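Before any comments, here is the structure.
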Ligand SMILES: *[C@@H]1O[C@H](CO)[C@@H](O)[C@H](O)[C@H]1NC(C)=O
Ligand SMILES: *[C@@H]1O[C@H](CO)[C@@H](O)[C@H](O)[C@H]1NC(C)=O
Ligand SMILES: *[C@@H]1O[C@H](CO)[C@@H](O)[C@H](O)[C@H]1NC(C)=O
Ligand SMILES: *[C@@H]1O[C@H](CO)[C@@H](O)[C@H](O)[C@H]1NC(C)=O
Ligand SMILES: *[C@@H]1O[C@H](CO)[C@@H](O)[C@H](O)[C@H]1NC(C)=O
Ligand SMILES: *[C@@H]1O[C@H](CO)[C@@H](O)[C@H](O)[C@H]1NC(C)=O
Ligand SMILES: *[C@@H]1O[C@H](CO)[C@@H](O)[C@H](O)[C@H]1NC(C)=O
Ligand SMILES: *[C@@H]1O[C@H](CO)[C@@H](O)[C@H](O)[C@H]1NC(C)=O
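Here's what the structure looks like:
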């Protein structure tokens, strides 16, 4: 049976049935406890039929596509082999109207007493099994949801306001409320603390919780968040329109972008003290475009015409709507990755789907329709406050919450500058110094990492996705947020690890401490920058 209305449980009214331990418990194996739990689950006071109650011993492999999950989710769903014995509970919860959330809670046999929620990515209605597997590998009871729909497209929101509401916040909320209840019923004990980990849309979900549902989590890791949502989507339209098509005079092709990146590195790589292909502070790079102009460099390969140079500069400039900055513009140092984003399916697809399915609910809308009026319309609609840019975090702070916000400085999809803008706006709204924010909100600009993963920098941070660099809180964000919440051991830096060929089995190539904003890394060593001790965090 489904819960018919969200109001019966979703706003803190959830009351779980008392499940006292029987006076003389029969010894029961974990696997039979798991399967029998499936037939005794209650949500609120209602018995609830699960769709999955499966014991998975360590080293199990699941194939969720074969189990019937949407084929477009294959890339998001890839689950690594399970590393611990666990009980997998799956169920479907009705929210409101057409809305329903598919969620899974993985309950490890060796429970660490804590609860963890994973997030989602892009528009994807796909359970991120990698992150759930990551959480249980450390002993967390971990929940993930399909974010209220199946498959990677925003088509699910077309004339479906409740499905859209689930995407903006309610799927995460539901997963946490139900997941905590399941955890309590399974172990006969409340989780001592509740955590969140997510990147991209998952980063936005983490911020949504901190801003609007501060009671959900004690500790949040919010990576590369898709906050400033309406500005981000507007910027995609503005940039793709400014660039035009590959026959436009304004277009920059792969060779142009590669030339820009090369010139950026020539002018800016050494500003941090190390010429290593990584910019430690992208904000310091003020590119002089002159050497790139065909007119001044004798038509060197990839050189720019005046009009191309103007488009290029627009990409790195703030995007204003009615005189207000709504997007920071891109940062320098990863221009070739940016080109791949401009010609790839993601930005174009997000733009097309958001405007056609959500803003106008009119399938005649295409990128060719785009104008600044569309951005106004998107801001006016701002469904369920998807913008996720509320800057008074006092409720979260006062509940004792901690948030670790990080963003790759080479993020080719969601520019780091929007995270900078958010941090600055919180500071202004809360009249706080950075030292005051440090009490509950710490922000890390991570050099040389693309969107959530990848890039030339030391980018393995324990940010989920399967691979951790190590279990020490210094090397692992998930371990760090626990240490911060439970022992007050707040992060002064985040150590990133770069593996040889990005393959952990090949060993560590180098590590680097990423500084807590507003400090920035400066190299004073005598090597090539791969020596961690050669770097110092300097506040300017
Ligand atoms: C659960 O499923 C069983 C068997 O299909 C059915 O008889 C029962 O009514 C269901 N219970 C609820 C609460 O939906
Ligand atoms: C998972 O199942 C799908 C559909 O049956 C199949 O195409 C795919 O190859 C399987 N993936 C793996 C890794 O076995
Ligand atoms: C989503 O997929 C599940 C199977 O994984 C299916 O039972 C459910 O009906 C689907 N929901 C929608 C709205 O298509
Ligand atoms: C799977 O997802 C795609 C993309 O979101 C969607 O178009 C399709 O309808 C979904 N398939 C099913 C069976 O729900
Ligand atoms: C230009 O774009 C068109 C349409 O997208 C594509 O078919 C063509 O291959 C592109 N040409 C180059 C040189 O990239
Ligand atoms: C998009 O442009 C086309 C062609 O000009 C027009 O027919 C259509 O109505 C426009 N759609 C929207 C939603 O503005
Ligand atoms: C910050 O200061 C302003 C002006 O003094 C005040 O109106 C506002 O309430 C303060 N905000 C917070 C979060 O304390
Ligand atoms: C940097 O220096 C280290 C230590 O000397 C060396 O092992 C490594 O190969 C060098 N890396 C590069 C890219 O030159």
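Numbering (my numbering), first residue to last: 354 to 893. Even glycine gets a Cβ: it sits at the ideal position worked out from N, Cα and C. A quick note: this is a predicted structure, and the numbers were derived from the prediction, not measured.
Start and end residues, alpha helix (DSSP H) containing residue i
| i | result |
| --- | --- |
| residue 804 | From DSSP, residue 804 is part of no alpha helix (DSSP H); its letter is neither H nor E. |
| residue 729 | 725 to 734 |
| residue 704 | 698 to 706 |
| residue 749 | 747 to 751 |
| residue 321 | Limits of the chain in this structure are 354 at one end and 893 at the other, which puts residue 321 out of reach. |
| residue 654 | First-last for residue 654: undefined, no H or E at that position. |
Residue i classed as buried or exposed, judged by whether at least 16 other C-beta atoms fall within 10 angstroms
| i | result |
| --- | --- |
| residue 869 | buried |
| residue 680 | buried |
| residue 441 | buried |
| residue 684 | buried |
| residue 376 | For residue 376, the predicted model reports a pLDDT of 47, less than 50, meaning its position is unreliable; a value from the coordinates is still stated below. With fewer than 16 other Cβ atoms within 10 Å, it is exposed. |
| residue 374 | Since pLDDT at residue 374 reaches only 43, below the 50 mark, its modelled position is unreliable, and the value read off the structure follows with that caveat. By the neighbour-count rule (16 or more Cβ atoms within 10 Å), residue 374 is not buried but exposed. |
| residue 528 | buried |
| residue 469 | buried |
| residue 740 | buried |
| residue 354 | Residue placement at residue 354 cannot be trusted, given a pLDDT of 26 that sits under 50; what the coordinates show is reported in the next sentence. Result: exposed. |
| residue 452 | buried |
| residue 625 | buried |
| residue 343 | This structure cannot speak to residue 343, because the chain is shown only from 354 to 893. |
| residue 882 | buried |
| residue 892 | exposed |
| residue 859 | exposed |
According to DSSP, residues forming a beta bridge with residue i
| i | result |
| --- | --- |
| residue 459 | 441 and 495 |
| residue 575 | 551 and 758 |
| residue 628 | Residue 628 pairs with nothing; no bridge assigned. |
| residue 400 | 395 |
| residue 680 | 672 |
| residue 900 | Not covered by the structure: residue 900. The range shown for the chain is 354 to 893. |
| residue 646 | 657 |
Residue i: first and last residue of the uninterrupted beta strand (DSSP E) it sits in
| i | result |
| --- | --- |
| residue 874 | 873 to 876 |
| residue 849 | 846 to 852 |
| residue 552 | 546 to 552 |
| residue 470 | 467 to 471 |
| residue 839 | Note, residue 839: premise wrong, no beta strand (DSSP E); alpha helix (DSSP H) at 830 to 840. |
| residue 890 | 888 to 891 |
| residue 861 | 861 to 868 |
| residue 429 | Here residue 429 belongs to no beta strand (DSSP E); instead the alpha helix (DSSP H) covers 427 to 430. |
| residue 607 | It is not in any beta strand (DSSP E) - residue 607 instead sits in the alpha helix (DSSP H) that spans 607 to 621. |
Reference residue i, options the options, closest by Cα
| i | options | result |
| --- | --- | --- |
| residue 531 | 448, 584 and 761 | 448 |
| residue 504 | 474, 526, 522 and 529 | 474 |
| residue 641 | 669, 652 and 629 | 669 |
| residue 419 | 564, 533, 432 and 743 | 432 |
| residue 839 | 570, 400 and 603 | 570 |
| residue 699 | 586, 488, 453 and 739 | 586 |
| residue 660 | 654, 671, 651 and 647 | 647 |
| residue 519 | 538, 498 and 537 | 498 |
| residue 538 | 781, 638, 494 and 476 | 494 |
| residue 655 | 809, 611 and 709 | 611 |
| residue 554 | 578, 563, 540 and 562 | 578 |
| residue 774 | 400, 584 and 600 | 584 |
| residue 884 | 851, 480 and 407 | 851 |
| residue 485 | 564, 408 and 819 | 819 |
| residue 500 | 740, 596, 524 and 514 | 524 |
| residue 708 | 730, 568 and 859 | 730 |
| residue 841 | 398, 572, 386 and 649 | 572 |
| residue 438 | 673, 490 and 740 | 490 |
| residue 918 | 451, 428, 462 and 759 | Residue 918 lies beyond the range of the chain shown here (354 to 893); nothing can be said about it. |
| residue 576 | 772, 625 and 629 | 772 |
| residue 760 | 804, 721 and 889 | 804 |
| residue 725 | 675, 633, 765 and 717 | 675 |
| residue 697 | 561, 602, 606 and 562 | 606 |
| residue 482 | 509, 516, 396 and 427 | 427 |
| residue 809 | 718, 795 and 863 | 863 |
Residue-level contact to chain D via CB, residue i, 9 Å cutoff
| i | result |
| --- | --- |
| residue 802 | Of the protein chains in the structure, only one exists, and it is not chain D. |
Three-pair Cβ contact test at 8 Å for the segment 834 to 853 versus the segment 532 to 551: The segment 834 to 853 vs the segment 532 to 551: in contact.
- request: Report yes or no: do the segment 385 to 393 and the segment 423 to 431 share at least 3 C-beta pairs separated by less than 8 Å?
  value: no
query: Any chance the segment 457 to 464 sits against the segment 785 to 794, with 3 or more Cβ pairs inside 8 Å?
result: no
task: Could you tell me whether the segment 581 to 597 touches the segment 750 to 757, using the rule of 3 or more Cβ pairs below 8 Å?
output: These segments do not touch.
field: Cβ contact (3+ pairs, closer than 8 Å) linking the segment 607 to 622 and the segment 686 to 695
entry: yes
Stretch pair the segment 799 to 810 + the segment 776 to 784: three plus CB contacts closer than 8 Å: Segment contact: the segment 799 to 810 against the segment 776 to 784, fewer than three CB-CB distances shorter than 8 Å; contact not assigned.
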